[in-house]
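Residues in the sequence shown are numbered from 1 upward in steps of one, following UniProt numbering. The next block holds one structure in the form of structure tokens; read it before the comments.
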Amino acid sequence: MSAVLRRLWQKIRAPRYYVGRDLEGNRFFEHPNPNDDSRTKRVVKYQRGRDMWHYIAGNRRIAVQWTSWLTHTRPNPPTLEELQADAERQRRVLLNVAILEARDREERARVQQQAEVQATLQAPPLASASMPASNTSAAPTAKPNAPPKSVEQPAPGASPEPAERAGARGQPSDFPFPQPPSDEPQSWSPRTIRRGGG
């Protein structure tokens, strides 16, 4: 019986008191914990009774500042100015996200359009595709007035020109780096290693 009287006396002596509200009209209260004097109880009273189910279902959320206060992570309750500044920050973030997504959509559309243009330019012309096969297989005729190609002979003992070496390897002549070794498989026979000791 004494425990009941003690709890009743604590409720009369230190009743629940109002701490603040959030931007949606929910009110927050704090009162002493009869079981633990070092930690108070903190509760929220929703604006309307049925709002509680929206918060429980996750359709709506209490501001993170108030959630931190309710769980004793934050010692002092947030102010309305702090909540308004955070709401404005969230609006700015959403606006920036919308701007970035629009920019990404435009970039993807531009890249896709350039790829379509490149594919169109690289496709064979329709006229050559419609020509009969006999015309395309015929050897091209040389122009009668074309001058003959001059072939320069290298000096005796000189190494072949870099352009010829590059052409033999399938690189352009102005390629500044040496070609990496070939990826073709080569024969290999393992060596045995003799170790001392007998």
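Heads up, the beta-carbon is just placed ideally off N, CA and C, and yes, glycines get one too. Since the structure is predicted, the reported quantities are computational estimates derived from the model, not experimental observations.
Length of the line joining the Cα atoms of residue i and residue j
| i | j | result |
| --- | --- | --- |
| residue 92 | residue 66 | 21 Å |
| residue 99 | residue 44 | 36 Å |
| residue 102 | residue 110 | 12 Å |
| residue 28 | residue 97 | 32 Å |
| residue 5 | residue 34 | 12 Å |
| residue 196 | residue 189 | 22 Å |
| residue 107 | residue 115 | 12 Å |
| residue 86 | residue 180 | 58 Å |
| residue 74 | residue 64 | 10 Å |
| residue 186 | residue 176 | 27 Å |
| residue 95 | residue 89 | 10 Å |
| residue 138 | residue 183 | Confidence is the limiting factor: at residue 138 the pLDDT is only 46, short of 50, which leaves the residue's position unreliable and the question unanswerable from this model. |
| residue 62 | residue 68 | 10 Å |
| residue 36 | residue 82 | 30 Å |
| residue 48 | residue 8 | 28 Å |
| residue 191 | residue 117 | 57 Å |
| residue 3 | residue 38 | 18 Å |
| residue 193 | residue 123 | 59 Å |
Contacts around residue i, its chain only, beta-carbon distance under 8 Å, and the 5 residues preceding and following it disregarded
| i | result |
| --- | --- |
| residue 84 | 23 |
| residue 21 | 27, 28 and 80 |
| residue 52 | 46 |
| residue 129 | Its pLDDT being 49, under 50, residue 129 is placed unreliably by the model, and the measurement read from it follows with that caveat. Contacts found: none. |
| residue 112 | none |
| residue 57 | none |
Closest Cα partner of residue i within the set the options
| i | options | result |
| --- | --- | --- |
| residue 26 | 102, 55, 101 and 109 | 55 |
| residue 204 | 108, 189 and 41 | Limits of the chain in this structure are 1 at one end and 198 at the other, which puts residue 204 out of reach. |
| residue 19 | 122, 113, 77 and 57 | 77 |
| residue 16 | 3, 9, 2 and 32 | 32 |
Backbone secondary structure at residue i - three-state DSSP
| i | result |
| --- | --- |
| residue 81 | helix |
| residue 21 | strand |
| residue 110 | helix |
| residue 184 | coil |
| residue 105 | helix |
| residue 42 | strand |
| residue 6 | helix |
| residue 68 | helix |
| residue 119 | helix |
| residue 63 | coil |
| residue 139 | Low local confidence applies: a pLDDT of 48 at residue 139 is under 50, so the model's placement there is unreliable, and no value is given. |
Residues near residue i by beta carbon distance below 7 Å, same chain, minus five either side
| i | result |
| --- | --- |
| residue 105 | none |
| residue 119 | none |
Per DSSP, cross-strand counterpart(s) of residue i
| i | result |
| --- | --- |
| residue 30 | 17 and 42 |
Beta-carbon contacts of residue i that lie in its chain and below 6 Å, excluding the five residues immediately before and after
| i | result |
| --- | --- |
| residue 30 | 19, 40 and 42 |
| residue 121 | none |
| residue 70 | 42 |
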